[in-house]
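Have a look at the structure below before the remarks.
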Amino acid sequence: MKYDSRGFYYSSLFEKDPVFACFGTRITGDAKNLQTAESLLQQVGVRADRIVRPIQTHSITVVNADSIVEDRPDATDGVTTSTPGVALTVITADCVPVIFMNTQSSEIGISHQGWRGLHGNMPREMVRALSKGGGDRK
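The sequence shown begins at 5 in this note's numbering and counts up one residue at a time.
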């Protein structure tokens, strides 16, 4: 992880891929506030109308953002997309945000995982969702 002077951390694992993954901090403000999230993402080049903010319910449900029309998919804790320029977001406190990427299909995903999601095997559900776009489940 690398720290950015704007107040967020980003993953160096994706530096060679067309993916930008970042985590906000207290400096960036409360991401539950839509204006805060939009401001942070606009700083890295994402338009406000390209932000997907799921309504998280501690489930193992995964939704493909390319097949929905709203920016707040209901009752899901995992979101995937293969559309460039779309920002997939989750909010966490004592849960874990996990980022996924299918390098064979260029599909990405993010999930909100608490104990219920881990117990229900949310990582498996995310891999299944991403493998539908092509590639192996390795």
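Glycine is no exception: its CB is placed at the ideal position from the N, C-alpha and C atoms. Source: prediction; values computed, not measured.
Within the model, the alpha-carbon separation for valine 90 versus glycine 49 is close to 10 Å. If you ignore the 5 residues before and after methionine 130, its C-beta comes within less than 8 Å of the C-beta of Val66, Gly82, Thr84, Val102, Phe104, Gly113, Ser115, all in its own chain and listed in chain order. Sorting Ala41, Met5, Gly33 by C-alpha distance to the C-alpha of valine 94 places Ala41 at the top.
For aspartate 53, the secondary structure class from DSSP, reduced to helix, strand or coil, is helix. Taking proline 58 as the centre and dropping the five residues before and after it, the same chain places the C-beta of Pro77, Thr80, Val83 closer than 6 Å to its C-beta, in chain order. Under the DSSP assignment, valine 73 falls outside any beta strand (DSSP E); it carries neither an H nor an E label.
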